[in-house]
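For reference, the structure is listed below as structure tokens.
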Amino acid sequence: MSSFDPKRVESRCAHFIGGVYRQDQAQLEVIRPSDGEHYADLPIANTTMVDEVVENSWHAFKTSDWASRPPRERARVMRRWADLIDADIATLAPLEAVGSTRPYSEVVAFDLPFAAEGLRFFAEFADKVGGEVACTATDHLGMQISEPYGVIAAIAPWNFPLTMACWKIAPALAAGNAVVLKPSEMTPFSCLRMAELAIEAGMPPGIFNIVQGDGRTTGTSLCRHHRISKVTFTGSTATGISIMKACAETGPKPVTLELGGKSPQLVFADAPDLARTARSIAKGITGNAGQVCVSGSRLIVQRAAYQPLVEEIVRVFQALKPGRTWDEHTTLAPIISAGQANRIAGIVDRALDGGAQALIGGRLADTGLGGSFYLPTLLTGATAGNPAVMEEIFGPVLTVQVFDDEEEGMALADHPTYGLAAGVHTADLGRALRAVRKLEVGTVWINRYGRSADWIIPTGGYKRSGIGKDLGRAAYEANLRFKSVLIDIGQS
Ligand code: NAD
């Protein structure tokens, strides 16, 4: 059964500027990952169009009262916006699911509620983070006061289009900034509806604008624009580096970079419940078909647990059913594009050439559905330098490496370049905490894998996985700049 009819979902070939749609010339075919059909077109904003969008935001920032109004009123608009998103599931969920890899049922159950709750979470900071009074001699008063940057550029990836966009825009807007969002050119439409709802909620026109286009033309012009004071980005490490260069050359401007990962699942033989651990590991690499920055893509298992763990993971992999995002029986999402599917296949082929063996999967799924699907894959025998161990695959591919003692396990878990997240599974508290200390990653999950709905816990990477945090108080503060004030108050 289908949850919606993909042919009835309307997508606008437009930007969103000053509270209204701005039609622009169609330049890019947008393809549905589920069936490979060209279903819509997208403009690619050139430098002139980017300038128009950013100037509009700048004007809104300067002339509206978004930054200067009482912060609780700003928060009220954000909360109203979140309520409108919750109430708009009938429109937003098909828009999000049709052109992305996100199955409709998951969009309804997780993505949209998470996006809305993200807005509420950051709204709560609006009147709670305002700077501090410094410890000075009593004949001075020293203060640090917080101020928004002005116009912030938010650049988002395709893997969770609305949720990832909200993690960028919510703290920036709650802190009083104007935001220009550039969604991924592969999943550009659902955020337009979200912008419409912001206007309905009472956000001044221009405070949240959307510019459509690719990375090379639109993304680059946006980062380089002289009115952009900060860039907040989620995407690949290579793009993050380009953005940082552009921000250095045209600023320097601060950046928040949430980048790629190659996260380990370190399993000791004393893990509390091996079957449950195996299911969590399987989910951690097949959720969204492995197209998740924190996918646990390297299983590092103590020898005694290898057999039972791997058997259970294989069982879970076998039960997954590839399908379209609007098919209610889908349990394995499509790959975003044929190009990305071929990239996954290429890395796995090189891994096999390099000595790995596929215990299950190892190839594209032959579904006849039109879209690209990759079979959940378990690779054994891959040594530390193997491409499947080294490179971010962004697909449902899990490598397995075996260790004997703790030191060896920890050494394998540490990746030479990435440091986004790690799972550690053990009943030994001391060992778990030693792993927390030892692993050079931004997040460690103990006896679980994946985030909870506790937005207060920041997320972000070490090493080539990024700079700065999304979520948490840290993400809010990163959208403010702090001004020092020193006043001589003399002696009475
Ligand atoms: P990507 O880097 O290809 O694209 C991300 C965005 O950047 C898109 O909107 C794209 O148009 C834009 N872009 C590309 N080149 C640009 C440039 N030179 N200047 C400005 N903008 C540019 O990433 P993707 O394929 O959309 O997403 C997958 C990647 O994102 C993976 O590496 C994944 O690990 C990472 N990711 C990280 C997190 C995190 O929180 N760390 C979350 C989700 C995804």
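In the working numbering, each residue's number is its place in the sequence shown (first place is 1) plus 148.
All C-beta atoms, glycine included, are put in the ideal place defined by N, C-alpha and C.
Buried or exposed for residue i, going by 16 or more other Cβ atoms inside 10 Å?
i	result
residue 210	exposed
residue 585	exposed
residue 433	buried
residue 569	buried
residue 379	buried
residue 328	buried
residue 371	buried
residue 410	buried
residue 543	buried
residue 511	exposed
residue 564	exposed
residue 186	exposed
residue 151	buried
residue 450	buried
residue 360	buried
residue 364	exposed
residue 196	exposed
residue 342	buried
residue 600	exposed
residue 617	buried
residue 636	exposed
residue 330	buried
residue 283	exposed
residue 396	exposed
residue 256	buried
residue 221	exposed
residue 630	exposed
residue 403	buried
Which residues does DSSP list as the beta-bridge partners of residue i?
i	result
residue 334	BP columns for residue 334 are empty, so no partner.
residue 404	380
residue 611	566
residue 421	DSSP lists no partner for residue 421.
residue 632	292
residue 483	520
residue 413	447, 571
residue 470	480
Just to confirm the assignment, what range does the alpha helix (DSSP H) spanning residue i have?
i	result
residue 265	260 to 271
residue 586	577 to 586
residue 461	451 to 467
residue 370	368 to 372
residue 363	Unbroken run through residue 363: none, as it is neither H nor E.
residue 616	Careful: residue 616 lies outside any alpha helix (DSSP H) and carries neither H nor E.
When DSSP labels each residue in this structure, what does residue i get in the three-state scheme?
i	result
residue 435	helix
residue 381	strand
residue 252	helix
residue 393	helix
residue 149	coil
residue 162	strand
residue 568	coil
residue 427	helix
residue 444	strand
residue 488	helix
residue 495	helix
residue 218	coil
residue 606	coil
Tell me which residue opens and which closes the beta strand (DSSP E) that residue i is part of.
i	result
residue 593	591 to 594
residue 356	356 to 358
residue 170	168 to 171
Using beta carbons (cut-off 7 Å, strictly below), is residue i in contact with chain C?
i	result
residue 623	This model lacks chain C altogether, as it is built from one protein chain only.
Please give the ranges of any beta strand (DSSP E) in the region 498 to 566, keeping only runs that are unbroken, at least 3 residues long and fully inside the region. Counting whole runs of 3 or more residues, the region 498 to 566 contains the beta strand (DSSP E) stretches 505 to 508, 525 to 528, 545 to 551.
Residue ranges of each beta strand (DSSP E) run of no fewer than 3 residues wholly in the region 276 to 359, ordered along the chain? As far as the region 276 to 359 is concerned, its whole beta strand (DSSP E) runs of at least 3 residues are 279 to 281, 288 to 296, 299 to 303, 326 to 330, 356 to 358.
What residue ranges within the region 164 to 214 form continuous beta strand (DSSP E) runs of no fewer than 3 residues, ordered along the chain? Runs of the beta strand (DSSP E) inside the region 164 to 214: 168 to 171, 176 to 179, 186 to 190.
In chain order, which continuous runs of the alpha helix (DSSP H) of length 4 or greater are located wholly inside the region 221 to 248? Taken in chain order, the whole alpha helix (DSSP H) runs of length 4 or more contained in the region 221 to 248 are 237 to 246.
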